[in-house]
Amino acid sequence: MMKKGKTKYKDNEIYRNNMIVNGKQKYEDNEIYRKNMIEKVQEKRSLFKVAKSHIDVVVQTFKDAIKKGPEYVCACCLRLLFQNQVLECKCENYDKQLIQKCVTEKYVHKCSSECESNCLLAVSCRNKLWICYTCHRKLHRGLTPPESFCNNLQLETVPDELCNLNKLESHLIALNIPFQKIMNLPKGNQAGIIGPVVLVPSDVKVVTNTLPRPVDDNLLVKVKLKRKLEYKGYVQYEFVDIKHVEKAFNYLRKHNKWYANIELNSQWMDTNNEQNELFDVVNDSANDSKNESDKKTDTMLRKVI
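As C-alpha cells, then:
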C-alpha cells in the first residue's frame, strides 16, 4: 500500500496537489499533528548532523548531488542549471503580459510523429517548463528579469560553415589568437586559467595566401601552430581541411565587416602547378645527366678492368 501511495503521489498531479492542500490545512488546524511534524523534522536534522561526521555518508551525498548535471533549462534566462537551482514554471502564477514577453517554450520537448515509441526526452527533464529562482522572484514581483532573453541576451545560432571547423581551422581564420594556460584546480575537478592571457594578432591575408590548395577535395594538410616561427615546439598540430577554411572565409566576408577586404588567392594552385612542372623538368634533366655520367663511368671502369 505504501508503494502504491508513493507511485500515485508521484504520477498523479491532482492527487499530489490535494494531498499538499490537505496537509497544510491539517498542520494549521490540528495542534498535536503540528507538534509531531516539528519533532520529526528536528529529529531528521539531528540525525543528518550525526551522519555528516561519517566520511562514507559525505561521499555518498556528494555523489547523489552530482549524479545529474546541468540539464534543466530556465525558460526565462535560457541557462543550463542543476535540479536544486530551478522549480517548475507555472504560468498562471505570473502576469500574463510578462509571461508572453519573458518566457519561451523553445526547449520544452513535445513528442511528434518523428519521435520513437519510447522517447527518452519525454521522460526527461525536458518535458516540463522550468524557471530559476532568480527569474521566479523577479516575475513574481511583476518585474522583467535582467537576465531574460527578451533583453537581447540570447546567443545566435552558429552557422554550419563555422560549426564544421576544428580548433586549428578556427585559429587560422581568427583575427586574434588567445594563448592561455589552463590547469586542473586542486579541488572540485574544475579547470582554471593560470597566469596571464596573451592575445596575438594574426594576419589573415598571409594565412589565405600561404595555405596550399589541394587538388582533391578529400586531401588534408598538416599544419603546426606555433607561438613564434623561431620556436621548435608547437601548440597544436592537426589536419586542416582547406575547403572548410574557404567556406568559413566566404561566409565571414559576407557577414563580418572586418573580413570584407580579405580575398582568397585563387591563383595559388596555378603558380604551384607551374613550379611543380619546372621542378619536374629540372629533376628529369638532372636524372638524365646523372644516367649519362653513370654510363661513362661504367665504360671507363670496364676499360680499366
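For what it's worth, the UniProt record's numbering labels the leading residue of the sequence shown as 1, then goes sequentially.
Every residue, glycine too, gets a C-beta built ideally from N, C-alpha and C.
Which of helix, strand or coil DSSP assigns to residue i
{"i": "Lys224", "result": "strand"}
{"i": "Asn84", "result": "helix"}
{"i": "Asn184", "result": "strand"}
{"i": "Tyr237", "result": "strand"}
{"i": "Asp284", "result": "For Asp284, the predicted model reports a pLDDT of 46, less than 50, meaning its position is unreliable and no value from the coordinates is stated."}
Beta carbon of residue i nearer than 8 Å to that of residue j
{"i": "Leu199", "j": "Pro178", "result": "yes"}
{"i": "Lys224", "j": "Tyr237", "result": "yes"}
{"i": "Cys89", "j": "Leu129", "result": "yes"}
{"i": "Met183", "j": "Ala191", "result": "yes"}
{"i": "Leu81", "j": "Cys74", "result": "yes"}
{"i": "Cys150", "j": "Cys102", "result": "yes"}
{"i": "Met19", "j": "Tyr27", "result": "no"}
{"i": "Val58", "j": "Lys52", "result": "yes"}
{"i": "Leu172", "j": "Val207", "result": "yes"}
{"i": "residue 358", "j": "Ala260", "result": "Missing from the structure shown is residue 358; the chain here goes from 1 to 305 and no further."}
{"i": "Gly142", "j": "Leu98", "result": "yes"}
{"i": "Leu120", "j": "Asn127", "result": "no"}
{"i": "Tyr251", "j": "Pro186", "result": "no"}
Close beta carbons around residue i, own chain, < 8 Å, minus the five adjacent residues each side
{"i": "Lys167", "result": "Gln236, Glu238"}
{"i": "Asp284", "result": "Because Asp284 sits at a pLDDT of 46, beneath the cut-off of 50, its placement in the model cannot be relied upon, and the following sentence gives the value as read from the coordinates. No residues qualify anywhere along the chain."}
{"i": "Val50", "result": "none"}
{"i": "Lys226", "result": "Gly233, Tyr234, Val235"}
{"i": "Arg16", "result": "Tyr9, Lys10"}
Residue i versus the options, residue with shortest Cα-Cα distance
{"i": "Leu87", "options": "Tyr72, Glu39, Ile242", "result": "Tyr72"}
{"i": "His244", "options": "Asn18, Glu169, Asn176, Glu92", "result": "Glu169"}
{"i": "Ser148", "options": "Leu172, Pro159, Val158, Cys132", "result": "Cys132"}
{"i": "Val123", "options": "Thr134, Ser113, Val108, Arg45", "result": "Val108"}
{"i": "Asn258", "options": "Leu121, Ser202, Asn151, Gly233", "result": "The question names Asn, but residue 258 in the sequence shown is Trp. Selected option, being the one with the closest Cα: Ser202."}
{"i": "Cys125", "options": "Ser46, Lys52, Gln83, Asn256", "result": "Gln83"}
{"i": "Asp217", "options": "Val206, Asn261, Asp241, Lys49", "result": "Asp241"}
{"i": "Thr144", "options": "Glu105, Gln100, Val207, Leu185", "result": "Gln100"}
{"i": "Leu155", "options": "Asp95, Arg79, Glu246, Arg34", "result": "Arg79"}
{"i": "Lys138", "options": "Ser113, Tyr15, Tyr94, Ile14", "result": "Tyr94"}
{"i": "Asn265", "options": "Asn17, Glu246, Ser113", "result": "Glu246"}
{"i": "Thr104", "options": "Cys135, Lys24, Lys187", "result": "Cys135"}
{"i": "Gly188", "options": "Gly233, Thr7, Ser113, Lys63", "result": "Lys63"}
{"i": "Lys24", "options": "Gln42, Asn176, Lys96, Met37", "result": "Met37"}
Paired residues, beta bridge with residue i - DSSP
{"i": "residue 310", "result": "There is simply no residue 310 to check, as the chain begins at 1 and stops at 305 in what is shown."}
{"i": "Ala191", "result": "Asn184"}
{"i": "Asn176", "result": "Pro201"}
Own chain residues within Cβ distance below 6 Å of residue i, not counting five before or after
{"i": "Ile305", "result": "Only weak support exists for where Ile305 lies, its pLDDT of 31 falling under 50; the value from the coordinates is given anyway. Same-chain partners within the cutoff: there are none."}
{"i": "Val204", "result": "Ile262"}
{"i": "Arg34", "result": "Tyr27"}
{"i": "Lys181", "result": "Ile194, Gly195"}
Own chain partners of residue i with C-beta closer than 7 Å, once the 5 adjacent residues on each side are dropped
{"i": "Lys290", "result": "Annotation note: pLDDT 46 at Lys290 (below 50); position unreliable, no value reported."}
{"i": "Arg253", "result": "Tyr259, Ala260, Ile262"}
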